[in-house]
Ligand code: FES
Ligand code: FE
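Here it is as structure tokens:
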């Protein structure tokens, strides 16, 4: 089933959710207070930590997720994750990986040696008779793999199904996904708000992508008056989020006149041709994923994850997918096409505009008075809906110290 098909098939069943529009700005801000506090992300959710291809040949990898330092490695075909802190003096094990056997990692400082599968302290190379051996364990994390990505669960509850925490359609059986990840210097929320903010098509107006596809980008799009009612908000079983159809919920704006005979328009504008918007539907999904169905062309969908690293940076997963690709050979060809063609055009150029937008938002909100002084317009209804949705349905807010060290025995294999 393609993304659009699964979207309609999964039409929301559960809880009612209506966008709150209190009269005063102050009252409106209260409706997204939890979201405002979530600068380190949402706790008790699944997040991609890396691509499976990065763990080839037993190579270990270190990555901070929601402020938690984590190391991962594939052992006997399965990926395991440990807290990246030695129990002895709390140094990061990843400062210098020492994996003398396939299923252990040894601290480079004094030789504490841990089991990748259980986190248990198996031996201490410099103190083999120490009574702590076998009685202590570093924290382990639950891991799942899907669509070529490795997901880690950050939280304290029994993890819900991964399918609840990825964008709609992402796990479709015949979908093939390929892409990359890069670090971006902005808080994760500016990435979400950039990803779902459809009227920012303005910054893409000169992108070569539309020209490459012979499609048309208008200079901008403006939300229809009843936009709030047109949003497809999903709060039932499965991922929680919202879908915004660009072709149905907006009017195109072809040019802007700022006087003095100066007109701003899109570089790809082709007058007289039938409108064919290149991006028909954008979705945002908790905890931090975006779907763009039929992008960059029909039969393909783009997915993105904005995984908080810390308060001021996120890992940007850029994923190109083919909606229906059951054939393995075809899938391999598609991956090469992403590496050689779509990657430079979409990931580097098109998304380069988005990275600039997020970094541009960073200072005004993280260091400045953005939360108090922003002026949202009716075009920002999806942003408001997203903030309110997260505030109502997040399973928790990550805070510094959420991940306390464990000092007892009893850690179990994920
Ligand atoms: Fe790791 Fe001492 S700090 S063994
Ligand atoms: Fe964009």
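Residue numbers (the numbering used here): 153 to 566. C-beta atoms are modelled at their ideal positions from N, C-alpha and C, and glycine is treated no differently. Nothing here was measured: the structure is a model prediction, and the numbers come from that model.
Among 506, 433, 493, the one whose alpha carbon lies nearest that of residue 321: Comparing Cα-Cα distances from residue 321 to each of 506, 433, 493, the minimum goes to 433.
Rounded C-alpha distance that separates residue 465 from residue 213: 19 Å
Residue 277 beta carbon less than 8 Å from that of residue 263: yes
CB of residue 461 within 8 Å of CB of residue 335, strictly: Remark: C-beta atoms of residue 461 and residue 335 approach each other more closely than 8 Å.
For residue 509, the three-state DSSP class (helix, strand or coil): helix
Proximity winner among 240, 324, 292, 449, relative to residue 490 (alpha-carbon distances): 449
Terminal residues of the alpha helix (DSSP H) in which residue 200 lies: Run containing residue 200: none in the alpha helix (DSSP H); it sits in the beta strand (DSSP E), 197-203.
Contact under 8 Å by Cβ, residue 486 with residue 469: no
Residue closest to residue 571, alpha-carbon to alpha-carbon, out of 206, 386, 401: An answer regarding residue 571 cannot be provided, because it is not within the stretch 153 to 566 covered by the chain.
Contact belief for residue 392 with residue 541 at Cβ below 8 Å, rounded distance in angstroms: 7 Å
Beta-bridge pairing of residue 458 - partner residues as DSSP gives them: 468
DSSP beta-bridge partners of residue 223: Residue pairing from DSSP places residue 223 in a beta bridge opposite 214, 234.
Residue 272: CB within 7 Å of a non-hydrogen atom of the ligand MN: Judged by which ligands are present, the ligand MN is missing from the structure shown, whose ligands are the ligand FES and the ligand FE.
Inter-stretch contact (C-beta, 8 Å, three-pair minimum) for the segment 170-187 and the segment 284-300: no
DSSP-derived helix/strand/coil call for residue 443: strand
Three-state secondary structure (DSSP) of residue 550: In the three-state DSSP reduction, residue 550 falls in the coil class, being neither helix nor strand.
Start and end residues, alpha helix (DSSP H) containing residue 543: 533-545
Spatial distance of residue 329 from residue 410 (CA atoms): 43 Å
Where residue 504 sits in the DSSP three-state scheme: helix
Heavy atom of the ligand FE within 7 Å of residue 379 beta-carbon: no
Straight-line gap, residue 169 to residue 384 (C-alpha atoms, nearest Å): Taking the straight line from one Cα to the other gives about 10 Å.
7 Å CB neighbourhood of residue 548 in its chain, flanking five on each side removed: Only 194, 195, 196, 307 meet the Cβ criterion.
7 Å CB neighbourhood of residue 172 in its chain, flanking five on each side removed: 183, 540
Beta carbon nearer than 5 Å to a non-hydrogen atom of the ligand FES: Residues flagged by the Cβ proximity filter: 238, 240, 241, 243, 259, 261, 262, 264.
Beta-ladder partner(s) of residue 292, from DSSP: DSSP output for residue 292 lists 234 as bridge partner(s).
Nearest residue (CA-CA) to residue 246, options 325, 230, 240, 224: Answer by Cα proximity: 224.
Heavy atom of the ligand FE within 7 Å of residue 356 beta-carbon: yes
Enclosing beta strand (DSSP E) for residue 437 [first to last residue]: 433-437
Segments assigned alpha helix (DSSP H), at least 4 residues, entirely inside the segment 338-378: The segment 338-378 contains these whole alpha helix (DSSP H) runs: 340-348, 360-365.
DSSP state of residue 481 mapped onto helix, strand, coil: helix
beta-carbon residue 466 near the ligand FE non-hydrogen atom, thresh 7 Å: no
Check: residue 505 C-beta below 7 Å from any heavy atom of the ligand FE: yes
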